[in-house]
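Residue numbering for the sequence shown follows our numbering, beginning at 3 and increasing consecutively.
The beta carbon of each residue, even a glycine, is placed where N, CA and C say it ideally should be.
Worksheet for the structure shown next.
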Amino acid sequence: MNVDDVKALATRIREEVAKAITGQHDTVDLMLTALFAGGHILLEGPPGTAKTMTARCFAQALGVAYGRIQFTPDLMPGDIVGSNIYNFQTGQFTLTRGPIFCDLLLADEINRTPPKTQAALLEAMQEHAVTFDGTTHSLGRNFMVVATQNPIEHQGVYPLPEAQLDRFLFKHRVSYPGPEEERAIIIHHGGGSASHDIAQYGIKAQADRKTLENALATVGSVTLVDDVVGYIAALVRATRESPDLEVGASPRAGAMLARAARARAALDGRAYVIPD
3 MNVDDVKALA TRIREEVAKA ITGQHDTVDL MLTALFAGGH ILLEGPPGTA KTMTARCFAQ
63 ALGVAYGRIQ FTPDLMPGDI VGSNIYNFQT GQFTLTRGPI FCDLLLADEI NRTPPKTQAA
123 LLEAMQEHAV TFDGTTHSLG RNFMVVATQN PIEHQGVYPL PEAQLDRFLF KHRVSYPGPE
183 EERAIIIHHG GGSASHDIAQ YGIKAQADRK TLENALATVG SVTLVDDVVG YIAALVRATR
243 ESPDLEVGAS PRAGAMLARA ARARAALDGR AYVIPD
């Protein structure tokens with residue numbers, strides 16, 4: 003697979019998502035960039051702006067194992083990662099896997115659950131693995147989290163801790179549609195069928211695990227020259243020196259920015275990164 007193949011794959015995924023989602027082109031582009039960079043994305047916006055629907059259609063178009071967790075105030079860490087349950091008949095513990103064991107996880111309304119439960123995602127997002135009862139379980143190389151949250155001024159929400167925010171490659175604010183998109187949404191989704199039933203849109207899988215692994219390998223081979231590395235380092239350091247920012251970007255942010263730049267280049271059909 004080369005960068006032209008990656009670009010073509012991304013185009014097909016966009017077309018499939020567009021069967022159900024009107025607009026949200028920037029959102030889908032950032033999700034694709036995060037996917038091919040091996041990162042995660044946080045979508046923030048008011049209710050009803052298709053954050054959840056977009057993530058579901060994205061997973062459908064990818065053709066990978068999809069999991070969803072609806073975050074609530076009473077959600078426990080074990081509800082995310084799973085647990086070992088004792089079987090009285092066999093006298094042994096049996097692993098019951100939680101919904102996090104998938105390729106693409108939708109963490110819906112992540113800021114409606116307390117930080118202790120939010121923290122259950124930390125290891126998974128960084129290591130692509132989870133540990134419980136002293137045993138580490140792999141989640142696979144392609145594991146990706148698409149999280150949604152309501153704006154912080156809404157009632158009943160818990161701000162995400164800095165350690166968790168640092169695991170996200172992108173935080174994207176999803177806004178209301180423009181006038182023409184609003185009209186298209188009413189026409190497209192104002193019929194008799196329930197709009198949340200994505201089966202009606204006929205979204206076809208355009209990839210699988212192996213295809214995505216090949217795409218990530220291609221992205222990793224995109225050329226990143228020393229001048230661009232220096233530019234990325236300067237950007238990261240500038241965030242730490244700015245009086246307008248309380249906390250600057252971490253070293254992890256610099257490494258992920260480089261991966262995102264490689265992914266963006268491949269999505270544009272380029273085998274090299276440019277500063278733009």
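- If you draw a straight line from the Cα of V19 to the Cα of A262, it comes to about 21 angstroms.
- Runs of alpha helix (DSSP H) with 4 or more residues, each lying fully within the region 115-139, are found at 117-120, 124-129, listed in chain order.
- Residue pairing for H174: DSSP places it in a beta bridge opposite L45.
- Between the region 38-53 and the region 83-90 there are fewer than three C-beta pairs closer than 8 angstroms, too few to call the two in contact.
- L106 is bridged by DSSP to Y68, M146.
- Using a Cβ distance threshold of 9 angstroms, R143 and E215 count as a contacting pair.
- Membership of T213 in the alpha helix (DSSP H) is indicated by the continuous run 211-222.
- In this structure, V176 and T51 form a Cβ contact; the two beta carbons are roughly 5 angstroms apart against a cut-off of 8 angstroms.
- Y274 sits close to T225, with the two beta carbons spaced by under 9 angstroms.
- Comparing alpha-carbon positions, the option among L32, A22, A165, A149 lying closest to R114 turns out to be A149.
- Segment contact: the region 22-31 against the region 66-85, fewer than three CB-CB distances shorter than 8 angstroms; contact not assigned.
- When DSSP reads this structure, S85 sits in a beta bridge with T98.
- Boundaries of the alpha helix (DSSP H) harbouring Q166: 164-167, taken from the DSSP string.
- Taking C-beta atoms as the reference points, I200 and C104 fail to come closer than 9 angstroms.
- Distance from the CA atom of E111 to the CA atom of L123, rounded to whole angstroms, is 14 angstroms.
- Considering only A63, D76, G204, S252, the residue with the shortest C-alpha distance to F170 is S252.
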